[in-house]
């Protein structure tokens with residue numbers, strides 16, 4: 001059942017179903033479904049399915065039909081972790097400047113002429129994303145010494161390469177896109193996505209009913225709850241329970 005996302009509403013459009021066994025009974029059960037964050041707050045956990053999904057139901061409300069849904073436990077936990085990491089990466093809830101950490105061993109970076117101009121003329125673009133420099137930015141030297149980095153980065157063997165990529169991404173955003181709209185750059189965002197994935201609940205991990213409920217509660221508080229860090233759907237509707245109930249009554 002493919003989905004189309006508009007703002008923070010996910011619309012699931014049904015594919016052609018194989019209903020040859022009971023064509024009349026199944027016709028109309030697989031209908032277009034609109035999911036909103038409000039629906040997530042009303043989910044009732046049925047239980048874990050195959051140690052991969054959380055089966056849930058939601059009753060009929062003014063804005064939604066009664067539905068049977070499956071929640072991808074890995075995708076859901078990945079989304080919860082990602083948004084927690086993003087929130088923690090900023091100095092305040094206003095999400096303007098990223099937290100910074102001073103380096104014990106400073107890193108020297110050779111800049112291109114374009115990067116040097118960007119660092120010298122628009123230092124605030126780099127400060128907001130957590131980079132701090134030792135060098136006098138008014139000199140003609142293309143070598144800068146980085147003394148602080150975004151706290152979300154680790155001092156691993158790839159740190160220098162990551163800083164170089166971050167400087168280049170900020171420079172490109174400044175000159176090619178004519179401005180930087182967010183201190184959370186794509187370079188840093190992808191690092192958080194990877195971190196969120198690697199520590200998330202996996203397929204095959206058994207979950208108690210209480211754990212399932214806690215996960216869905218956390219998911220309902222996310223800004224973008226219907227997709228994981230990499231864009232895979234986290235919630236999938238299976239059946240329109242109201243239509244199913246009506247058809248069962250007709251058969252009886």
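In UniProt numbering, the protein residues as written are 1 to 252. Every residue, glycine too, gets a C-beta built ideally from N, C-alpha and C.
What are the start and end residues of the beta strand (DSSP E) that includes residue i?
i	result
residue 239	235 to 240
residue 48	44 to 49
residue 68	67 to 72
By a C-beta neighbour count over all protein chains shown, 10 Å radius and 16 as the cutoff for buried, is residue i buried or exposed?
i	result
residue 163	buried
residue 208	exposed
residue 93	exposed
residue 194	exposed
residue 21	At residue 21 the pLDDT is 44, less than 50, meaning the model places this residue with poor confidence; the figure from the coordinates comes in the next sentence. That one is exposed.
residue 237	buried
residue 223	exposed
residue 185	buried
residue 158	exposed
residue 83	buried
residue 48	buried
residue 78	buried
residue 201	buried
residue 227	buried
residue 203	exposed
residue 232	exposed
residue 240	buried
residue 100	buried
residue 178	exposed
residue 96	exposed
residue 253	Outside the shown range of the chain, which is 1 to 252, sits residue 253, and nothing can be said about it.
residue 115	buried
residue 225	buried
residue 150	buried
Could you spell out where the alpha helix (DSSP H) holding residue i opens and where it closes?
i	result
residue 53	From DSSP, residue 53 is part of no alpha helix (DSSP H) but of the beta strand (DSSP E) over 53 to 58.
residue 208	Run containing residue 208: none; DSSP gives neither H nor E here.
residue 41	37 to 41
residue 225	Segment: none, residue 225 is in no alpha helix (DSSP H) and carries neither H nor E.
residue 194	186 to 198
Report the CB separation of residue i from residue j in whole angstroms; it is logged as a contact under 8 Å.
i	j	result
residue 98	residue 183	5 Å
residue 166	residue 129	7 Å
residue 43	residue 215	Contact doesn't hold; Cβ gap of about 11 Å is too wide.
residue 85	residue 192	5 Å
residue 80	residue 219	6 Å
Verify the CB distance criterion: does residue i have a CB-CB separation below 7 Å to chain B?
i	result
residue 153	Included in the structure is just one protein chain, with no chain B present.
Review point. Along the chain, which unbroken stretches of the alpha helix (DSSP H) at least 4 residues long are found entirely within the stretch 89 to 174?
Key: Every alpha helix (DSSP H) stretch that sits fully inside the stretch 89 to 174 and reaches 4 residues is listed by chain position as 113 to 121 and 123 to 127.
Point to revise | Any 3 or more C-beta pairs closer than 8 Å across the stretch 94 to 113 and the stretch 141 to 149 | key: Yes, the stretch 94 to 113 is in contact with the stretch 141 to 149.
Check your understanding: Would you call the stretch 161 to 177 and the stretch 206 to 222 in contact, with 3 or more CB pairs under 8 Å?
Key -> Taking a cut-off of 8 Å on C-beta distances, the stretch 161 to 177 does not touch the stretch 206 to 222, as fewer than three cross pairs fall below it.
Practice item. Check whether the stretch 41 to 54 touches the stretch 72 to 79, counting contact only when three or more Cβ pairs, one atom from each stretch, lie closer than 8 Å. Key: Look at the beta carbons and you see the stretch 41 to 54 touching the stretch 72 to 79: at least three pairs across the two are nearer than 8 Å.
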